[in-house]
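Protein sequences appear in the order of chains W and P.
Residue numbers are given in our numbering: position 100 of the first sequence equals residue 105, and the series is strictly consecutive.
Residue numbers are given in our numbering: position 102 of the second sequence equals residue 110, and the series is strictly consecutive.
The beta carbon of each residue, even a glycine, is placed where N, CA and C say it ideally should be.
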Amino acid sequence: AQTVTQSQPEMSVQEAETVTLSCTYDTSESDYYLFWYKQPPSRQMILVIRQEAYKQQNATENRFSVNFQKAAKSFSLKISDSQLGDAAMYFCAYRGNLQGAQKLVFGQGTRLTINP
Amino acid sequence: EADIYQTPRYLVIGTGKKITLECSQTMGHDKMYWYQQDPGMELHLIHYSYGVNSTEKGDLSSESTVSRIRTEHFPLTLESARPSHTSQYLCASRPTRYNEQFFGPGTRLTVL
């Protein structure tokens, strides 16, 4: 079974600085998808960024980028120019691509605090 | 934010009561999911559905049941609530040919 591990329960960063959240996963599949989701306090979970395993290029969405290391099974999220609105729980998630494998497997989450 | 709705948002109820948590989406997504999440913790899949009349149990064993009679509606029922059911329940959906799951706002359930 696939597993996702986020080894940083909490992180904090100064506003405008850069922070990197770690995620590792375990799978025997070669084709899969990885996601970072953001869950602000008392608000809906939203997708931050996604990465297809077959793509070598790291995904980027504005201030958010990933460092995808397929061989190492590592998928870290970098947030540049941190803003107060970035404060949230961040979840790394994995989804396989085998037929019927429709489920997301989530990591334990990292609570990110932004210090003004 | 996506068009996926959950009601109620908060529910405090006594032990032994039957409850139904509602989840609706207006996007025509065929796949829907229920997750259980304790505060500040990871999400655990408890039920999912590929489409109408299709439901499967997730990775975390749950005493709840679900139904999928209509594409847009995926309610979760607890026949007899217990304090161990206290948690947040998140509903999600996605279309078949798309990877992203869209999440509802969640229902925070407290069983006294």
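Interface partners of residue i on chain P, CB under 7 Å
i	result
Y38 (chain W)	N107
L52 (chain W)	E108
Short Cβ contact (8 Å threshold) for residue i with residue j
i	j	result
S12 (chain W)	S27 (chain W)	yes
F111 (chain W)	E50 (chain P)	yes
N107 (chain P)	Y38 (chain W)	yes
L117 (chain P)	T94 (chain P)	yes
V53 (chain W)	F73 (chain W)	no
M94 (chain W)	F111 (chain P)	no
V71 (chain W)	A64 (chain W)	yes
T15 (chain P)	V119 (chain P)	no
Q177 (chain P)	I12 (chain P)	Because chain P spans 9 through 120 in this model, residue 177 (chain P) falls outside it and cannot be assessed.
Of the listed residues the options, nearest to residue i (C-alpha basis)
i	options	result
T38 (chain P)	P:S92, P:I77, P:T94 and P:L98	The question names Thr, yet the displayed sequence has Asp at residue 38 (chain P). Here the closest residue by C-alpha is P:I77.
M35 (chain P)	P:A100, P:H52, P:L51 and P:Y18	P:A100
A92 (chain W)	W:Q19, W:I119, W:A21 and W:T8	W:I119
I84 (chain W)	W:K108, W:A58 and W:Q19	W:Q19
S62 (chain P)	P:G24, P:D46 and P:S75	P:S75
D86 (chain W)	W:V9, W:P14 and W:V24	W:V24
G114 (chain P)	P:T23, P:R105 and P:P47	P:P47
Contact set between residue i and chain W, taken where Cβ atoms lie within less than 8 Å
i	result
M49 (chain P)	Q113 and G114
G112 (chain P)	Q49
Y13 (chain P)	Under the 8 Å cutoff, chain W gives no residues; its nearest Cβ is about 10 Å from Y13 (chain P).
L98 (chain P)	M50
Partner residues on chain W for residue i, Cβ-Cβ distance less than 9 Å
i	result
L53 (chain P)	K108, L109, V110 and F111
Residue i at chain C interface by Cβ criterion, 8 Å
i	result
P103 (chain P)	Within the model displayed, chain C is absent; protein chains W and P are what it includes.
Contact belief for residue i with residue j at Cβ below 8 Å, rounded distance in angstroms
i	j	result
P83 (chain P)	T28 (chain P)	5 Å
Q109 (chain P)	L109 (chain W)	6 Å
Residues that residue i contacts on chain P, provided the C-beta gap is smaller than 8 Å
i	result
R55 (chain W)	N107 and E108
Worksheet item: If you measure beta-carbon to beta-carbon, which residues of the region 77–99 of chain W are closer than 8 Å to chain P?
Response: For the region 77–99 of chain W, which is checked against every Cβ of chain P, the residues closer than 8 Å are M94 and F96.
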